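This report concerns only the one structure given below.
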Amino acid sequence: MTNTAEKRDLALSQSIEDLLVARNLRGMKDVQSALIPGYYLRAAKLLLACKGTVLIGTGFPVLDSFETDGPVGAIALYQTLEYLGAKPIIVCGAPMSTAIAGDFRVHEITVGDLANAEQEAKAALELLQPELVLSIERAGLSAQGIYCNMRGEDISERCASFDYFLQYANCPTIAIGDGGNEVGMGNIHQAISALDITPSVTTCDELVIADVSNWAAHGLIALLAHWQQEDLLARINPQQILSYIAARGSLDGVTREPTLTEDSLPLAEGEKLIASLRQLVGFQ
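Structure below.
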């Protein structure tokens with residue numbers, strides 16, 4: 025890639041980065057400066073290079089179910105990466121694992137068993153031999169060694185642990201989050217300490233932030249589309265994915281209601297954002 029092309033790609037990445045925190049719903053615009061510009065570009069390059077197994081961890085617990093933000097983006101990435109020749113596997117705990125196992129490759133991790141989480145992750149990594157590990161909207165361990173939701177409630181008993189997958193992976197790791205309590209946010213621990221959240225201390229190679237974590241997946245797919253010269257965002261259907269997980273018990277993470285929404289926002293907001301991303305990469 026020439027210097028000119030690299031500069032153009034960096035500028036595109038920064039446009040995507042700014043677009044995806046423009047609403048500043050949970051303070052991600054405020055902490056953006058803690059990240060080196062081009063974080064979408066760097067993460068997307070890792071996705072593009074991967075043709076082997078990709079582990080995609082998702083499924084943030086809400087009450088006795090899982091939230092809509094995270095799985096929609098995880099499935100969109102799964103479909104896109106599979107189309108591009110990789111072998112994605114969704115890593116999650118029950119009830120999400122059993123809800124989607126008939127339609128996707130799934131590796132189930134144990135809920136509420138922090139004592140054995142480290143060994144479970146090591147065994148899974150040895151078994152699955154990933155070339156890339158990606159976390160999207162997974163609860164991350166706090167400095168107190170517990171998992172907390174956006175309200176500061178301890179959800180450890182209802183949470184499976186994905187942190188150690190990133191810690192022990194012998195491959196690149198990417199984490200996506202939108203609030204500060206997700207896996208990967210340890211990369212900017214000082215910046216997020218000012219937010220009204222119990223922050224995660226778990227780190228990753230490339231942290232990707234957005235107003236809504238699902239939207240970050242679309243931003244990464246937009247860059248893949250740019251390089252492939254193919255409208256990959258047109259291949260995914262967020263409404264269909266959201267309806268699919270809603271039929272299997274998902275809840276909105278903010279309202280805790282069984283609605284077709286992402287962090288309380290109507291799906292139309294995400295669809296508008298996808299239209300803007302397609303425009304940025306020249307497909308609309």
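Per the numbering used here, the sequence shown starts with residue 25, numbered consecutively. The C-beta atom is built at its ideal place from N, Cα and C for all residues, glycine as well. None of the values given here were measured: they were computed from a predicted structure.
From what residue to what residue does the beta strand (DSSP E) around residue i run?
i, result
"S300", "It is not in any beta strand (DSSP E) - S300 instead sits in the alpha helix (DSSP H) that spans L291 to L304."
"S267", "Counting along the chain, S267 falls outside any beta strand (DSSP E), though it belongs to the alpha helix (DSSP H) covering P262 to A270."
"I233", "E230 to I233"
"I80", "T77 to G81"
Count the other CB atoms, across all protein chains shown, that sit within 10 Å of the CB of residue i; report buried if there are 16 or more and exposed otherwise.
i, result
"E181", "exposed"
"I60", "exposed"
"P262", "buried"
"R50", "buried"
"T226", "buried"
"L151", "exposed"
"G30", "The question names Gly, but residue 30 is Glu in the sequence shown. The residue in question, E30, is exposed, as its Cβ has fewer than 16 Cβ neighbours within 10 Å."
"T28", "exposed"
"D33", "buried"
"N173", "buried"
"N211", "buried"
"E281", "exposed"
"E295", "exposed"
"G117", "buried"
"E177", "exposed"
"S121", "buried"
"D220", "exposed"
"G169", "exposed"
"A139", "exposed"
"D42", "exposed"
"A292", "exposed"
"G109", "exposed"
"G306", "exposed"
"G62", "buried"
"T92", "buried"
"A299", "exposed"
"A141", "buried"
"D287", "buried"
"A67", "buried"
Quick check on the DSSP output: the alpha helix (DSSP H) that includes residue i runs from which residue to which?
i, result
"G243", "S237 to Q252"
"S37", "N27 to L44"
"V225", "No alpha helix (DSSP H) contains V225, which DSSP labels as neither H nor E."
"V157", "That residue, V157, is in no alpha helix (DSSP H); its beta strand (DSSP E) goes L156 to I160."
"L65", "Y63 to A73"
"V278", "Per DSSP, V278 belongs to no alpha helix (DSSP H) and is neither H nor E."
"I216", "H213 to I216"
"M209", "No alpha helix (DSSP H) contains M209, which DSSP labels as neither H nor E."
"D54", "M52 to V55"
Report back the beta-carbon spacing between residue i and residue j to the nearest angstrom; my notes put them in contact at under 8 Å.
i, j, result
"L36", "H213", "That pair is no contact at about 29 Å."
"L65", "L247", "6 Å"
"S185", "S224", "That pair is no contact at about 12 Å."
"V232", "I198", "6 Å"
"L284", "S267", "7 Å"
"C183", "E155", "That belief does not hold up - the Cβ atoms of C183 and E155 are roughly 26 Å apart, past 8 Å."
"P95", "T104", "No, P95 and T104 are not in contact; Cβ-Cβ is about 15 Å, not under 8 Å."
"S39", "L304", "6 Å"
"I124", "I133", "Contact doesn't hold; Cβ gap of about 14 Å is too wide."
"V55", "A215", "4 Å"
"A234", "D202", "5 Å"
"L72", "E230", "Not quite, the Cβ-Cβ distance comes to about 13 Å (not below 8 Å), so this is no contact."
"Y107", "R259", "7 Å"
"V157", "A193", "5 Å"
field: the region 241-259 in contact with the region 97-114 per 3-pair CB rule at 8 Å
entry: yes
message: Extract the residue ranges of the beta strand (DSSP E) inside the region 99-146, only unbroken runs of 3 or more that lie entirely within it.
response: 111-116 and 130-132
- request: Take every Cβ of the region 275-283, pair it with every Cβ of the region 80-89, and state whether three or more of those distances are shorter than 8 Å.
  value: yes
- prompt: For the region 162-206, which segments carrying the alpha helix (DSSP H) assignment without a break, of at least 4 residues, lie completely within its bounds, in sequence order?
  reply: 187-192
- prompt: Are the region 139-151 and the region 70-78 in contact at 8 Å, needing three or more beta carbon pairs?
  reply: no
- prompt: Taking contact to mean at least 3 C-beta pairs separated by less than 8 Å, is the region 204-211 in contact with the region 154-166?
  reply: yes
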